[in-house]
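A short worksheet on the structure shown next.
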Amino acid sequence: MLNKIKVTSDDKSVIIIFIFEREESMIKIPKELAYKLADDLYKELYDEPSYSELEDKVYKLEALVEALEETVDYYRELDERYDYYHRLK
Numbered sequence: 204m205l206n207k208i209k210v211t212s213d214d215k216s217v218i219i220i221f222i223f224e225r226e227e228s229m230i231k232i233p234k235e236l237a238y239k240l241a242d243d244l245y246k247e248l249y250d251e252p253s254y255s256e257l258e259d260k261v262y263k264l265e266a267l268v269e270a271l272e273e274t275v276d277y278y279r280e281l282d283e284r285y286d287y288y289h290r291l292k
């Protein structure tokens, strides 16, 4: 019979220890895989985007905002050049 589950980690792994009445059993999972499994489980349980999915969307939105800012700056500079050119005429 399972009495307790302990979870700990080291630099590279998440360690899950199953404590039974007379023995212990341990599983080591690479951290990246453990995080992916946790994200998948969270999504399955709560039917919401996982943290990594939200982080990816935020990254994409930040890249889009940066690209839009650069586009606005480019057209602002073109507009200033156009005005300057017509003032010289």
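Residue numbers 204 to 292, in the numbering used here, belong to the letters of the sequence shown in order. Backbone N, C-alpha and C fix where the C-beta goes; we use that ideal spot for every residue, glycine too. In this text, all values refer to a predicted model and were calculated from it rather than measured experimentally.
Asked: Which partner residues does P252 have in the DSSP bridge list?; Found: Answer is none; P252 lacks a bridge partner.
Asked: Between the C-alpha atoms of K207 and Y238, what's the straight-line distance to the nearest angstrom?; Found: 21 Å
Asked: Straight-line CA distance for Y277 to E269?; Found: 12 Å
Asked: Output the distance between the C-alpha atoms of H289 and D282, rounded to the nearest integer angstrom.; Found: 11 Å
Asked: Flag this pair as yes or no: are the beta carbons of K209 and I219 separated by less than 9 Å?; Found: yes
Asked: Can you tell me which of the three DSSP states K292 falls into?; Found: coil
Asked: When the Cα atoms are used, what is the spatial distance from E280 to E273?; Found: 10 Å
Asked: Tell me where the beta strand (DSSP E) around E227 begins and ends.; Found: E227 to P233
Asked: Under 9 Å, do K246 and E258 count as touching if we go by C-beta distance?; Found: no
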